[in-house]
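Q:
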Amino acid sequence: MNKLLMEENDRLQKQVSRLVFDNGYMKNRLHSPSVATTDTSCESVVTSGQHNQQQNPAVLHPPQRDANNPAGLLAIAEETLAEFMSKATGTAVNWVQMVGMKPGPDSVGIIAVSHNCSGVAARACGLVSLEPTKVAEILKDRASWYRDCRHVDVLHVIPTGNGGTIELIYMQTYALTTLAEPRDFWTLRYTSGLDDGSLVICERSLTQSTGGPSGPNTPNFIRAEVLPSGYLIRPCDGGGSMIYIVDHVNLNACSVPEVLRPLYESPKILAQKMTAAALRHIRQIAHESSGEMPYGAGRQPAVLRTFSQRLSRGFNDAVSGFPDDGWSCLLNTDGAEDITVTINSSPNKLVGSHVSASPLFSAMGGGIMCAKASMLLQNVPPALLVRFLREHRSEWADPGIDAYSVASLRANPYTVPGLRAGGFMGNQVILPLARTLEHEESLEVIRLEGHGFSHEEVLMSRDMFLLQLCSGVDEDAPGACAQLVFAPIDESFADDAPLLPSGFRVIPLDAKTDVPTATTRTLDLASALEVGSGGSGMRASCDGSGTCATRSVLTIAFQFSFENHLRESVAAMAKQYVRGVMASVQRVAMAIAPSRLGSRIELKHPPGSPEALALATWIGRSYRAHTGTEIRWSDTEGADSPLMLFWKHSDAILCCSLKPPAFTLKFANSAGFDILETTMVNIQDLPLEAVLDEEGQKALSAQLPAIMQQGLAYLPGGVCRSSMGRQASYEQAVAWKVVGDDGAPQCLALMLANWTFI
1 MNKLLMEEND
11 RLQKQVSRLV
21 FDNGYMKNRL
31 HSPSVATTDT
41 SCESVVTSGQ
51 HNQQQNPAVL
61 HPPQRDANNP
71 AGLLAIAEET
81 LAEFMSKATG
91 TAVNWVQMVG
101 MKPGPDSVGI
111 IAVSHNCSGV
121 AARACGLVSL
131 EPTKVAEILK
141 DRASWYRDCR
151 HVDVLHVIPT
161 GNGGTIELIY
171 MQTYALTTLA
181 EPRDFWTLRY
191 TSGLDDGSLV
201 ICERSLTQST
211 GGPSGPNTPN
221 FIRAEVLPSG
231 YLIRPCDGGG
241 SMIYIVDHVN
251 LNACSVPEVL
261 RPLYESPKIL
271 AQKMTAAALR
281 HIRQIAHESS
291 GEMPYGAGRQ
301 PAVLRTFSQR
311 LSRGFNDAVS
321 GFPDDGWSCL
331 LNTDGAEDIT
341 VTINSSPNKL
351 VGSHVSASPL
361 FSAMGGGIMC
371 AKASMLLQNV
381 PPALLVRFLR
391 EHRSEWADPG
401 IDAYSVASLR
411 ANPYTVPGLR
421 AGGFMGNQVI
431 LPLARTLEHE
441 ESLEVIRLEG
451 HGFSHEEVLM
461 SRDMFLLQLC
471 SGVDEDAPGA
481 CAQLVFAPID
491 ESFADDAPLL
501 PSGFRVIPLD
511 AKTDVPTATT
521 RTLDLASALE
531 VGSGGSGMRA
541 SCDGSGTCAT
551 RSVLTIAFQF
561 SFENHLRESV
571 AAMAKQYVRG
581 VMASVQRVAM
591 AIAPSRLGSR
601 IELKHPPGSP
611 EALALATWIG
621 RSYRAHTGTE
631 IRWSDTEGAD
641 SPLMLFWKHS
651 DAILCCSLKP
661 PAFTLKFANS
671 AGFDILETTM
681 VNIQDLPLEA
691 VLDEEGQKAL
701 SAQLPAIMQQ
711 GLAYLPGGVC
721 RSSMGRQASY
731 EQAVAWKVVG
741 DDGAPQCLAL
751 MLANWTFI
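Quick note on UniProt numbering: the sequence shown kicks off at 1 and runs consecutively.
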């Protein structure tokens, strides 16, 4: 592979030199706009567009690129081809090889991600033992390998004079979590052959700036943009292909809550979900075609792969809950709930016409119910958490709920389980079915051994079976999404068995590394939190825990079948169960977290931060001046400065700007960041009214004059909301005015005593 890459590099260097020469030559020849539509070569179209745009900006007017004008679309296509080639084989993007994705004889290929470019981009190259035409066929079938793809519609196919094709494509993708909207794309895809026998498939979004026809506009979707991307497939001597893959997108990250934006701004996540996934899928197909892959449970690999796709797709359908699939929110669901319950009374749209859904839904009428939620986790690697959930199901699962789910596949199944721990308590046995070539995904059957306690339960107890898909459990894969999805099956395990997938998805949140320097006291105080005591001066991005933490978003979704007359009972059971699972996962996360990242990380006040020390001093001194007593500095053993006393206090202390009525949060102590579930950067300009509930806001507004005149007021206990939407209760709140050395007001401090998540 190394020799082949050296040859490829040499060839591409010569190609770049030739293209530069040809480009300069054609620039000298082009003097009129008509040349752009008569010469359809890649170089002439692109350079003529650039040249004439400088001379006459009105030349490339959008009407030239109308859907009824193939020449205009061809111009876009050739321009896309040139830009894609400059990324795939050139330096148009600053590529950085992904850490942990080193090339080798068993690796998927060479993976690189973008650095400081518009949008996010990833590139991969690798060898596969398939011919270019077969590779192109697989890559074009995006729904077969891109798990976030809901569907792809090819709305127009236009042949070109050079033997290629132009396709206008509308694609929808699933939402990553329950807290963000799904994305859709309107793109032009160009397939063409090159002189050296290579195949190129390139793609870009059609926008107002590029021209071209307007695509479908679907409600509840956020339009994202594909920047010039695609696949270069070069035949190799002796068979096989060398593949270059470039994915470059702008996912419109500003449309999601700030705490979730890293999900849409991380090139590592893009590389794992799209770029590397495409290359892995092709290698998997090639491996299966070789006949060297053993059959699991007597089934061909393609059949098992279909099961994996159905599990993943069913879980994505549940998380996104699209109305055109029949999903709707339960009417009596409280909008303030952290758990969303949706129902689907048209389940045949989900299970598909090829699947027999009759065992799930009796003649009495019913449907599917989904209870789902998302929450923020800290200091827990996604792979470690999912691996624990897979291996220790008894730590979080209720066997009674499992029994209910499995019973829905049998005759007369519908009884709502009581919350008793009776029957069906046994071990789980993992029976492997299939693993992908890179071992990043495994399909397995889980047998839950039934053991009854009473005589009746012994007679009724039966083993239960789940079909389970586990992926992303490699801790060394950067940006990998870890997922555990399972669905009850019966003993027959038929190919067309209906599946109601439930499970967990954990996606890492990359810390921002390009935060601009600020001169405010807030970030000066943030800079006072340093890693270790080695004096190296290297600072880490700290979160609410006060440590330099890894953060991730956990999405939970559980599906149940129900009969109409039991709908309310099943809804209550589903909410209670998911709430219990969330609590169990939190306990598991705390148990397996690397002890606050180890003793080598600690907080200390570095020299040269007078603003940090001053603000902490003012907070404590102002409280003493207003009350005549010191703040009860609990849990602060070993703290040797006012800053550490403030930071380590067990009650949440929030600092707000003094600009009523719209108070904005500026800083908090460690407990404050915990209750807000936000970061040092994301707390900026978070309104206090988004944190306090209506009663809390009224209480603060009523006491505000007293606070400004007398300096302090006590507020009753209440409920607040984190940036992730979770509710927390507190027994009492204390608000006081913080003044500086000159007596001038600096901020408003709000302490929430004895808080806990509900």
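Note that CB positions come from ideal geometry on N, CA and C, so glycine has one too.
What would DSSP say about F486, mapped onto helix, strand or coil?
A: Here F486 sits in strand by DSSP.
Q: Do the region 170 to 185 and the region 218 to 238 meet, that is, are 3 or more Cβ pairs less than 8 Å apart?
A: Contact between the region 170 to 185 and the region 218 to 238 is present, because at least three Cβ pairs lie under 8 Å.
Q: Excluding sequence positions up to five away, which residues of its chain have a Cβ less than 7 Å from the Cβ of D247?
A: The residues are A121, A122, S229, L270, M274 and T275.
Q: Are the CB atoms of W736 and L712 within a distance shorter than 7 Å?
A: A contact, by the Cβ cut-off of 7 Å.
Q: Per DSSP, which one or two residues make a beta bridge with D153?
A: Answer is Y170, bridged to D153.
Q: Closest to R505 by C-alpha separation, out of P70, T178 and V20, would be which residue?
A: When only C-alpha atoms are compared, the closest one is T178.
Q: So, are the CB atoms of E265 and A253 less than 7 Å apart?
A: Yes. Within cutoff.
Q: Helix, strand or coil: which one does DSSP assign to K648?
A: It is coil, neither helix nor strand.
Q: Find the nearest neighbour of residue 774 within the set K134, A668 and F315, judged by alpha-carbon distance.
A: The requested residue 774 does not occur in the structure, where the chain is confined to residues 1 to 758.
Q: Who are P745's beta bridge partners in DSSP?
A: According to DSSP, which records beta bridges pairwise, P745 is partnered with V739.
Q: Excluding sequence positions up to five away, which residues of its chain have a Cβ less than 8 Å from the Cβ of A302?
A: These residues qualify, in order along the chain: E288.
Q: So, is the C-beta of R234 closer than 7 Å to a C-beta in chain B?
A: No chain B is part of this structure, which consists of one protein chain only.
Q: Less than 8 Å between the CB atoms is what I'm expecting for L168 and L155, so what's the real figure, rounded?
A: Yes, L168 and L155 are in contact; Cβ-Cβ is about 5 Å, under 8 Å.
Q: On the CB-based measure, 16 or more other CB atoms within 10 Å of its CB, does residue 773 come out buried or exposed?
A: Only positions 1 to 758 of the chain appear in the structure, and residue 773 is not among them; the question remains open.
Q: Taking its Cβ as the centre, do 16 or more other Cβ atoms sit within 10 Å of D237, making it buried, or is it exposed?
A: By the neighbour-count rule (16 or more Cβ atoms within 10 Å), D237 is not buried but exposed.
Q: Using three-state DSSP, classify M85 as helix, strand or coil.
A: Correct three-state label for M85: helix.
Q: Here's the rule: buried if 16 or more other CB atoms are within 10 angstroms of the residue's CB, otherwise exposed. What is A702?
A: When all chains shown are included, A702 counts as exposed.
Q: If you compare alpha carbons, which of L715, A749, G717 and Y714 is closest to G672?
A: Answer by Cα proximity: A749.
Q: Is G367 helix, strand or coil by DSSP?
A: G367: strand per DSSP, three-state reduction.
Q: Looking at the structure shown, is Q309 part of a helix, part of a strand, or coil, going by DSSP?
A: It is helical.
Q: Beta-carbon separation of S312 and R147 under 7 Å?
A: A contact, by the Cβ cut-off of 7 Å.
Q: DSSP three-state label for D22, please.
A: In this structure, D22 counts as helix in the three-state DSSP scheme.
Q: Give the secondary structure of V691 by DSSP, where H, G and I count as helix, E and B as strand, and everything else as coil.
A: In this structure, V691 counts as coil in the three-state DSSP scheme.
Q: Quick one, which of S405, F663, V380 and I446 has its alpha-carbon nearest R393's?
A: When each option's Cα is compared against that of R393, the closest is I446.
Q: Quick one: is M464 buried, meaning 16 or more other Cβ sit within 10 Å of its Cβ, or exposed?
A: Buried, by the Cβ-count rule.
Q: Run the CB neighbour count on D742, radius 10 Å, all protein chains shown included, and call it buried at 16 or more, exposed below.
A: D742 is exposed by the Cβ-count criterion.
Q: Does the Cβ-Cβ distance between V691 and C655 come in under 7 Å?
A: No.
Q: Helix, strand or coil for H115? Go by DSSP, reduced to three states.
A: Coil.
Q: Determine the contact status of P267 and S114, defining contact as a CB-CB distance below 7 Å.
A: Yes.
Q: Grouping DSSP H, G and I as helix and E and B as strand, with all else coil, what is F558?
A: Correct three-state label for F558: strand.
Q: Can you list, in chain order, the residues of its chain with a C-beta nearer than 7 Å to that of V157? Leave out the 5 residues immediately preceding and following it.
A: Around V157: T165 and E167.
Q: Between which two residues does the beta strand (DSSP E) harbouring G230 extend?
A: Unbroken beta strand (DSSP E) run through G230: S229 to P235.
Q: Nearest-angstrom Cα distance between E449 and L127?
A: Roughly 44 Å separates the two Cα atoms.
Q: Nearest to F388 by CA position, among V406, V259, I592 and R299, is which residue?
A: Here the closest residue by C-alpha is I592.
Q: Verify whether the separation of the beta carbon atoms of A557 and V256 is less than 7 Å.
A: Against a cut-off of 7 Å, the Cβ pair of V256 and A557 comes out as no contact.
Q: Taking the alpha-carbon positions, what's the G472 to A480 distance?
A: The straight-line gap from Cα to Cα measures roughly 6 Å.
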